[in-house]
Amino acid sequence: MQNVHVNLGARSYDILIDTNLIENSVQHIQDLLSRPKVAIVTDANVAELHLKPLQSALDAAGIAQSALVLPAGETTKSWAPFSQTVEWLLDQKIERKDIVIALGGGVIGDLVGFAAAVLRRGVRFVQMPTSLLAQVDSSVGGKTGINAPQGKNLIGAFHQPSRVLIDISALDTLTPRDFLAGYGEVVKYGLLGNAPFFDWLEINGPKLAQGDKVARAEAVRISCQMKADIVERDETEQGDRALLNLGHTFCHALEAATGYSDRLFHGEGVAIGCALAFETSARLGLCSQEDPSRVRAHLRDMGMKVDLKDISGDLPNADVLLDLMSQDKKVVDGTLNFIMAKGIGNAFVTSDVPRDIVHRVLSDALADCGSV
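In this note's numbering, the protein residues as written are 4 to 375.
Below you can see the structure in the form of structure tokens.
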């Protein structure tokens, strides 16, 4: 087992990384329980695969449990399922010192974390992420929330988990597309601040895709450690933490343009967004043209979505995409901050990105896929 500690004073917690952690979860959460009772929130897809092993472990330890199973998909990260979750937790008489378990991917983790943040003005929760994307990104750092019609993650709160249990074995149940979508977030860490990690991924990425558990655990550990280091410096995203949004400004606009549907998974949007961010950086003269080419080459070698033409169906024009980008959380005083790069492993936050350059990057990408 590997342990990444997130040092946030009274809100500190451990990220435990190992195989078979779901079925062996009791020994890693028992010390958190004020009484032998937990509430589990998951989705239909995850419940079919992982809920019974978790419930059996809790039952065997004499820990009472109840479970809410929500529909799978990004649309669950919205007001109605959120209200349903909060009211269900109240019906279960969950108290401040109790534990709510978020069993699932990023949608469940974000929604449950937000529900825990507002329930009784804050109850504790444990993240049990089952997707690669959630394991390396959304389960760590305390960002919780839901989507609004105006944009993604615009409603939420910072609420740190009490513990994160990352079961590498759960990745075996992912479809290739789901795994590669999560890999988009893994690559992001190398691109934003760890060039040697990107070098390592260029060599070991195929091993991850093929199911090598040692390689998977190492990629998850490095990703979590990088995120923990950044969160410790900037818990509420006043500075450095914005670096974690590399590729996300483009990604969120594309997700909104595709209706938060399975046309584009979040991690796929991140991968395309990273490629667009590096292309924009190159056109601004911040990095060499070889850098975006190298980013695209690795993503393409992994069989991932890389360009706008890889998204099925029509996309709106560059003006509409730019308007969608203006709804991003990183807008400050009406100015959109971008994460640009001076090279692989050297990202930075800036508002000095001319709109016409971004428009041209998007227009060229749309022209390449036959859109205008």
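We put the beta carbon where it would ideally sit given N, CA and C, even for glycine.
CB contact flag (residue i, residue j, <8 Å)
i, j, result
"residue 327", "residue 318", "no"
"residue 41", "residue 68", "yes"
"residue 129", "residue 165", "yes"
"residue 298", "residue 188", "no"
"residue 191", "residue 250", "yes"
"residue 323", "residue 278", "no"
"residue 305", "residue 208", "yes"
"residue 342", "residue 143", "no"
"residue 105", "residue 115", "yes"
"residue 174", "residue 135", "yes"
"residue 211", "residue 186", "yes"
"residue 97", "residue 70", "no"
"residue 3", "residue 340", "Outside the displayed span of the chain (4 to 375) sits residue 3, for which this structure offers no information."
"residue 283", "residue 217", "no"
"residue 12", "residue 39", "no"
"residue 201", "residue 347", "yes"
"residue 137", "residue 5", "no"
"residue 320", "residue 287", "no"
"residue 280", "residue 344", "yes"
"residue 16", "residue 234", "no"
Identified DSSP bridge partners for residue i
i, result
"residue 16", "9"
"residue 161", "146"
"residue 132", "107"
"residue 73", "46"
"residue 68", "41"
"residue 343", "351"
"residue 168", "19"
"residue 154", "151"
"residue 127", "102"
Anticipated Cβ contact below 8 Å, residue i with residue j, distance rounded
i, j, result
"residue 37", "residue 57", "That pair is no contact at about 19 Å."
"residue 147", "residue 159", "5 Å"
"residue 74", "residue 46", "7 Å"
"residue 83", "residue 103", "About 19 Å; that fails the 8 Å criterion."
"residue 113", "residue 149", "7 Å"
"residue 246", "residue 289", "The pair is not a contact, with the Cβ atoms about 15 Å apart (cut-off 8 Å)."
"residue 21", "residue 171", "7 Å"
"residue 362", "residue 302", "Their Cβ separation, rounded to whole angstroms, is 23 Å, which puts residue 362 and residue 302 out of contact at 8 Å."
"residue 294", "residue 285", "6 Å"
Identity of the residue in the options nearest residue i by Cα
i, options, result
"residue 161", "125, 208 and 184", "125"
"residue 153", "239, 258, 59 and 106", "258"
"residue 193", "171, 23 and 229", "229"
"residue 256", "6, 370, 371 and 365", "365"
"residue 48", "181, 10, 92 and 117", "181"
"residue 141", "300, 163 and 15", "163"
"residue 123", "93, 72 and 267", "93"
"residue 62", "34, 50 and 26", "26"
"residue 86", "121, 349 and 52", "121"
"residue 33", "60, 50, 14 and 52", "60"
"residue 227", "51, 91, 107 and 145", "145"
"residue 151", "178, 99 and 80", "80"
"residue 242", "178, 351, 35 and 139", "351"
Classification of residue i by the beta-carbon crowding that lies within 10 angstroms, buried from 16 upward
i, result
"residue 184", "buried"
"residue 225", "buried"
"residue 199", "exposed"
"residue 358", "exposed"
"residue 271", "buried"
"residue 314", "buried"
"residue 445", "In the structure as shown, the chain starts at 4 and stops at 375, and residue 445 therefore has no counterpart that could be examined."
"residue 292", "exposed"
"residue 77", "buried"
"residue 338", "exposed"
"residue 3", "The displayed coordinates of the chain run from 4 to 375. Any statement about residue 3 would go beyond what the structure contains."
"residue 54", "buried"
"residue 269", "buried"
"residue 10", "exposed"
"residue 197", "buried"
"residue 265", "exposed"
"residue 133", "buried"
"residue 8", "exposed"
"residue 127", "buried"
"residue 262", "exposed"
"residue 248", "buried"
"residue 244", "buried"
"residue 360", "exposed"
"residue 316", "exposed"
Min CB distance residue i to chain C below 8 Å
i, result
"residue 353", "Among the chains in the structure shown there is no chain C, since it carries only a single protein chain."
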